[in-house]
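In terms of the working numbering, the numbers along the sequence shown are unbroken and rise by one, the last being 1382. Positions of the beta carbon are idealized from the N, C-alpha and C atoms, including for glycine. Quantities reported herein were computed from a predicted structural model and do not represent experimental measurements. A quick write-up on the structure given underneath.
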Amino acid sequence: MSFQKIKTRILPALLLTLLASCSTKQTPVPPTDTTAVTEIEEIVIESSTLSAEQHLALAETLSSDEAVPELITATKLFFQQKNHLKALWLADKTLPLVDEAVANYIQERVQLVLIKTSSLQHLGYYPESQVQLKQLEQFSADNEITLSATYYRLLSSALQEQQQVISALNAQLHAFSLTDSSSQSQQQIENIWHNFQNLSQWQLSLLALDKAPESKGWLGLIALANKYGGKQEQMQYHLSMWQRKFKLHPANIIAKQLAERSIIEKSIENIAVILPLTGNQSSAGLAIQQGIMASFANNETKKLHFLDSNTVNWYGLSNELSTLKVDYVIGPLLKSNVDKYITHTSSQAQSQNDYMLNANSGLFDLNPNSDHEVLNTVSSGLEQPVDYISAIDSPSAIESYLQPASNSRAISTLLLNIPTNTSLTDRHTVLSMRPEDEAKQAAATLSRQYYQHPIVLSQKNIVSKRIAQAFVKQWQRITGNIIEVVYYDTGAQMQANIKASLSVDKSKTRIAKLKSRLNQSIKAQARNRRDIDMIYLVGTPEQTRLVKPYIEVNISPFAQVIPVFASSRSHSTHSDYSSNSDLRGLTFTEIPWLLTSEQNSELAALSQELWPKRSGGLSRLFAMGYDSYQLISKIPLMQQAPYLQHWGQTGTLKLNENSILTRSLLWGTYKKNKVVSIAME
């Protein structure tokens, strides 16, 4: 059956359905200007005084070829009227009817796909909109047409919704570059800058690889803001250098704002540190304490007060901190204690403590007539008794009651873990060593290395499973592909799990069957599966030293080597020469403190002298303690300037919108029996 006959049969049913759906609604006032600006600049509607419904009615009276342009116009008018449901439905049904017989049919098809995509996003169907965008990308390539600013804006929105922030910003930069200069606004420039501010250091490094339009200037500006944002004089100097280099760059608006911005430093003198200094977790607490002391370096302008979280009186903690005149707190470390700390130092808890203290003082008042006045004073916080009957009619009193208690009395705190059952306030910041963060960084980075079929080998314990799942979810978010996770046990079971993951066991089974069928002796070599091009390994250093060589043993001699990447859990600074040879080629994420070439050399020498046998885990906590003391003066600046970053021993730290410090880690690899730093982004 010819396309023309199909079109002839489809049109009557299509029009009947649409006209029926429109008949129950009043005909809208015909638009006076059908060329009104919409969010899709490419939409072109010829001058007409008819409404969308009237164009549909007209299409019913025309032949198939004549009706299609009317359907296209109706679709555009529905979209202009923000009737996204009808615009989506009609665009979807009209698209198959647009062929060479339609004037400017390629342009019309592009416009209809953009209407479908935008309507889907307005209705909340972002994954479906991305499917349309991929089809449009292919259509544009097949017909050698240039993708428009609208395409990239819609792509940016879809990617942002899927938390693909790097690709979303890349698309946003393309959209801005394709927008006519007369339509470029300061708001668009500030939106781009906002998205640059939200990227961690490793994300900025990946974005640089995309080489989007004008990205060099943007990346240069964010780099100097990251580094010098808290030092106004240096910031001014480097901004002037940037402005001379990028005179016509759109980000000059941002450079001017940065030059005029003033950041106020916070005076901090008394610091309380709450750590487990006794009990089962004392080794962790002491390692952090030692890191803080190394960073403190006997600073005479500040005082440190160490409190043992195992012996502290949580109910009286606010009063104790007040007595010590503490203006900043570091800790606690354990999640359960973090919840306790937030609960017992909240404004509500402090108000209750004040109430109890004032009430108790009134118990010994010798004036029996003062009871009522004491109660009123404590309840209201005023010096005079309150007229509660009048207060009921007071809007300000009711508003004050409904509003949450102010945190103005809460002490600024750098928590060393994320709370489980309580919420953070504007006075709380979190420095967390979450292992999931590095798995996300690894997945995003490795997905750029053209690996198509990775698998994850993970030790079967809670922490390793968290890392493995974080890697899998990030990989799927970026590539859309689901990757296999193979969990292995220790001992002989580990060998069986790895053989199964590489399908070596199946190859051996096939060889055994073949030998059993043949009467003569044959030589055979087991083959590993060929659809794996990368392995992400999650396990302790001890397990990694067993697994890595076993992977190599089970790779066929005539097959390509499968690269193995790992998390920092696989790396230990305490290993002998021979064990390092087993790890040759293993590449992993790591904090600067545990990569010799990136360390603070003087501090590393002192640490090695004082604690030569410290484990890798405790070394990470030492670095955490060192950074936490440095951060208490940096965090107030970060809160004022979101672009500011801190280059610490636990990574490059950035404060996100949830008041959590995210880390960008480095990459190391075992080369010639030693670990060296490498660039992966």
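Self-check item: Where Tyr1151 falls, given that 16 or more other Cβ within 10 Å makes a residue buried
Solution: Only exposed fits Tyr1151, as fewer than 16 other CB atoms lie within 10 angstroms of its CB.
Self-check item: DSSP-derived helix/strand/coil call for Gly918
Solution: Reduced to three states, the DSSP call for Gly918 is helix.
Exercise. Spatial neighbours of Arg854 within its chain, please: CB distance less than 7 Å, with the 5 preceding and 5 following residues excluded, ordered by chain position.
Key: So the list reads Ala876, once near-sequence residues are dropped.
Quiz prompt | Entirely enclosed beta strand (DSSP E) segments - the region 1143 to 1193, minimum 3 residues | solution = Qualifying beta strand (DSSP E) stretches, in chain order: 1155 to 1160, 1185 to 1189.
Quiz item: Can you tell me whether Arg962 is buried or exposed, with buried defined as 16 or more other CB within 10 angstroms of its CB?
Solution: By the 16-neighbour rule on beta-carbons within 10 angstroms, Arg962 is exposed.
Quiz item: Cα-Cα, which of Leu834, Ser1329, Phe840 is closest to Ala859?
Solution: Looking at the Cα atoms, Leu834 is the closest of the given residues.
Exercise. Round the Cβ separation of Asn990 and Ala960 to the nearest angstrom and send it over; I've been treating them as touching at under 8 Å.
Key: It is Gln, not Asn, that sits at residue 990 in the sequence shown. Not a contact, Cβ separation roughly 41 Å.
Quiz prompt | Segment limits, beta strand (DSSP E) that includes Ala998 | solution = First-last for Ala998: undefined, no H or E at that position.
Quiz item: Which partner residues of Met1235 appear in the DSSP bridge assignment?
Solution: For Met1235, the beta-bridge partners assigned by DSSP are Pro1155.
Quiz prompt | Continuous beta strand (DSSP E) stretch holding Ala973: start and end | solution = Counting along the chain, the beta strand (DSSP E) containing Ala973 begins and ends at 971 to 976.
Quiz item: Between Gln1153 and the rest of its own chain, which residues show a CB-CB distance below 7 Å, the 5 nearest in sequence each way excluded?
Solution: So the qualifying residues of the chain are Asp1234.
Exercise. Within the region 1292 to 1317, note down every full alpha helix (DSSP H) run reaching 4 residues or more, in order along the chain.
Key: As far as the region 1292 to 1317 is concerned, its whole alpha helix (DSSP H) runs of at least 4 residues are 1302 to 1311.
Self-check item: Minimum length 4: unbroken alpha helix (DSSP H) runs contained in the region 935 to 962
Solution: Along the length of the region 935 to 962, whole alpha helix (DSSP H) runs at least 4 residues long occupy 953 to 961, reported in chain order.
Quiz prompt | N-terminal and C-terminal residue of the alpha helix (DSSP H) that Ile816 is part of | solution = 806 to 823 is the span of the alpha helix (DSSP H), which, as asked, contains Ile816.
Quiz prompt | Reduced DSSP category for Val1131 - H, G, I as helix; E, B as strand; rest coil | solution = DSSP places Val1131 in strand when its eight states are reduced to three.
Quiz item: Are the CB atoms of Leu949 and Ala913 nearer to each other than 9 Å?
Solution: No.
Quiz item: So which of Ala842, Leu813, Glu862 has the shortest CA-CA distance to Tyr826?
Solution: A check of alpha carbon separations from Tyr826 across Ala842, Leu813, Glu862 identifies Glu862 as the nearest.
Self-check item: Buried versus exposed call for Gly1017 [16 or more other C-beta atoms within 10 Å across all chains shown]
Solution: Label assigned to Gly1017: exposed.
Practice problem: Indicate whether Leu905 and Ile1031 have their beta-carbon atoms separated by less than 9 Å. | Solution: No, Cβ-Cβ distance for Leu905 and Ile1031 is not below 9 Å.
Exercise. In angstroms with no decimal places, state the Cα-to-Cα distance between Val1187 and Asp1283.
Key: If you take the alpha carbons of Val1187 and Asp1283, they lie about 22 Å apart.
Exercise. Can you have a look at Gln873 and say buried or exposed, based on whether 16 or more other CB atoms are within 10 angstroms of its CB?
Key: Buried, because 16 or more other Cβ atoms sit within 10 Å of the Cβ of Gln873.
Quiz item: Based on Cα-Cα distance, which residue from Pro1337, Arg1285, Ser886 lies nearest to Asn1374?
Solution: Residue nearest to Asn1374 within the set Pro1337, Arg1285, Ser886 is Arg1285 (criterion: CA-CA distance).
Quiz prompt | Separation of Ala775 from Leu798, as counted between CA atoms | solution = CA-CA distance, Leu798 to Ala775, rounds to 14 Å.
Exercise. Go ahead and pull the three-state DSSP assignment for Gln1350.
Key: DSSP places Gln1350 in coil when its eight states are reduced to three.
Self-check item: Whether Ser1047 touches Ala1111 by CB criterion (9 Å)
Solution: For Ser1047 and Ala1111, yes; Cβs fall inside 9 Å.
Self-check item: Where Ala1313 falls, given that 16 or more other Cβ within 10 Å makes a residue buried
Solution: Sequence check: residue 1313 is Pro here, not Ala. If you draw a 10 Å sphere on the C-beta of Pro1313, you find fewer than 16 other C-beta atoms in it, and that means exposed.
Quiz prompt | Ala1380 versus Arg1178 - alpha carbon distance | solution = Computed Cα separation, rounded: 24 Å.
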